[in-house]
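*Asks:* Provided herewith is a single structure, encoded as structure tokens, for subsequent inquiry.
Below, the structure written as structure tokens:
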């Protein structure tokens, strides 16, 4: 089975991911995951998330992908049993010791994290021999190597690959910069993304800062472009990938909706034998990103760094809460006015339609010209049959 796997930094993002077409989500509890600054899930919230997903026929995988210190080990056995008890569909693990504890303590399906840097068939087979049910390929893997890894594995061991989102400058995310600069370990989920900072070169004999101007905002020597493989999902399927993973547990609900929606449509087209819809490339430009690259899949090297701060071609304007002809009730996110043209982001057939704002009514039913109060509940007159959780967005001027 082919799976679209989405990030879920909190319960709202989980629901958004499923609504817009994800087959499964990955998320973290309050400990042992590599996104300490996502909202993450308490034990009770994990249980709620699993129940919600299973009622939809969807799956939940929990990241337990830190590189553990000795102090972490004592809690892991109980954590594994608790995850199994609430019905989690799999645990994502990097550390061999953590893997061993989970295998001895539970019957959970164990997925080998991309942090374990599986780049070859021998490594993949070794993990499979130890009981791994899925290998999440290192981002450094080429498509040709994916084929060889697939051929070396038993048929019941799946391959998962990242296809969209932020890339780490370090090998398989094993970075020490954050620990060095801020005492926050990227290998314990606390990375401050110092690869995104602006840097100067220092001329050692004089101590002078020598700026290399990339643009008016500065120089970003270590900041990577984002991965985008939406055009090449067919090639990855042929190579043996069965789960397509989107990065972004600390990204916005708008990001999750836009990217999951685009990849759902692209993947469905591939599975139905349809050609790639190039308009879906535009969808990936409408959310926050740092330019795009296909990473290492086709062997590119040295051309994916130096990206400035994130940009997006569209702003998230409002979230639809209800529609009773002829008015949509929306919750405002960014300023808009009568006369603006708003584009609909939806998992339904109204996707891509344009709503021209002809009338805005405030919470008291008064007509206003400009909506400028964040989270205000407003009514917009439209004959487009919008649904709850559709998103209205506007092209950046």
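Residue numbers (the working numbering): 433 to 829.
We put the CB at the ideal spot given by N, CA and C, even for glycine.
Fair warning: this is a prediction, and the values are worked out from it, not measured in the lab.
Sorry if obvious, but does the Cβ on residue 549 come closer than 7 Å to a heavy atom of the ligand PLP?
*Replies:* By its list of ligands, the structure shown contains no ligand whatsoever, and the ligand PLP lies outside what it can speak to.
*Asks:* Enumerate in chain order the residues of its own chain whose CB-to-CB distance from residue 567 is below 8 Å, with the five nearest sequence positions on each side excluded.
*Replies:* Answer for residue 567: 543, 544, 550, 556, 559, 560, 581, 585, 589, 590, 591, 592, listed in chain order.
*Asks:* Under 8 Å, with one C-beta from each stretch per pair, do the region 525 to 545 and the region 488 to 503 reach the 3-pair mark?
*Replies:* As far as the Cβ criterion goes, the region 525 to 545 touches the region 488 to 503, which means the pair count is three or higher.
*Asks:* Would a C-beta distance cut-off of 8 Å place residue 776 and residue 824 closer than the cut-off?
*Replies:* Yes, these two residues count as a Cβ contact at 8 Å.
*Asks:* Who does residue 747 pair with in a DSSP beta bridge?
*Replies:* Looking at the DSSP assignment, residue 747 forms a beta bridge with 826.
*Asks:* Assuming residue 819 and residue 789 are in contact, meaning their beta carbons sit under 8 Å apart, how far apart are those beta carbons, in whole angstroms?
*Replies:* Rounded, the Cβ-Cβ distance is 19 Å, inconsistent with contact.
*Asks:* Throw me the rounded Cβ distance for the residue 722 and residue 794 pair, which I believe falls under 8 Å.
*Replies:* That belief does not hold up - the Cβ atoms of residue 722 and residue 794 are roughly 37 Å apart, past 8 Å.
*Asks:* Looking at the unbroken alpha helix (DSSP H) that takes in residue 445, where does it start and where does it end?
*Replies:* Per DSSP, residue 445 belongs to the alpha helix (DSSP H) from 443 to 451.
*Asks:* Could you tell me the distance, in whole angstroms, from the CA atom of residue 695 to the CA atom of residue 730?
*Replies:* For residue 695 and residue 730, the distance between alpha carbons rounds to 20 Å.
*Asks:* Please report the straight-line C-alpha distance between residue 680 and residue 797, rounded to a whole angstrom.
*Replies:* Cα to Cα, the separation comes out at about 38 Å.
*Asks:* Under DSSP, the alpha helix (DSSP H) around residue 505 begins and ends at which residues?
*Replies:* Where residue 505 is concerned, the enclosing alpha helix (DSSP H) stretches over 502 to 517.
*Asks:* Just grab the DSSP bridge partners of residue 675 for me.
*Replies:* According to DSSP, which records beta bridges pairwise, residue 675 is partnered with 435, 592.
*Asks:* Please state the DSSP three-state secondary structure of residue 776.
*Replies:* Residue state, collapsed to three classes: strand.
*Asks:* Excluding sequence positions up to five away, which residues of its chain have a Cβ less than 7 Å from the Cβ of residue 813?
*Replies:* 758, 759, 790, 791, listed in sequence order.
*Asks:* Just to confirm my understanding: we take residue 780, look at its own chain, exclude 5 residues before and 5 after, and list those with CB closer than 8 Å. What are they?
*Replies:* 819, 822, listed in sequence order.
*Asks:* Would DSSP call residue 478 helix, strand or coil?
*Replies:* It is helical.
*Asks:* Contact defined as beta carbons within less than 8 Å: I believe residue 720 pairs with residue 744. What is the distance between those atoms, to the nearest angstrom?
*Replies:* About 5 Å; that satisfies the 8 Å criterion.
*Asks:* Suppose the cutoff is 7 Å on Cβ atoms and the five residues either side in sequence are ignored; what does the same chain contact list for residue 579 look like?
*Replies:* Only 671, 672 meet the Cβ criterion.
*Asks:* What are the complete alpha helix (DSSP H) segments, minimum 4 residues, inside the region 538 to 566?
*Replies:* If we require 4 residues or more, the alpha helix (DSSP H) runs fully inside the region 538 to 566 come out as 553 to 561.
*Asks:* Would the region 690 to 708 count as touching the region 621 to 630 if we require 3 or more Cβ pairs under 8 Å?
*Replies:* Touching, no, given that fewer than three Cβ pairs across the two stretches are closer than 8 Å.
*Asks:* With DSSP run on the structure shown, which of helix, strand or coil describes residue 856?
*Replies:* Lying before the first or after the last residue shown, residue 856 is absent from the chain, which here runs from 433 to 829.
*Asks:* How would you label residue 725, buried or exposed, when you count the other beta carbons within 10 angstroms and need 16 or more for buried?
*Replies:* The residue in question, residue 725, is buried, as its Cβ has 16 or more Cβ neighbours within 10 Å.
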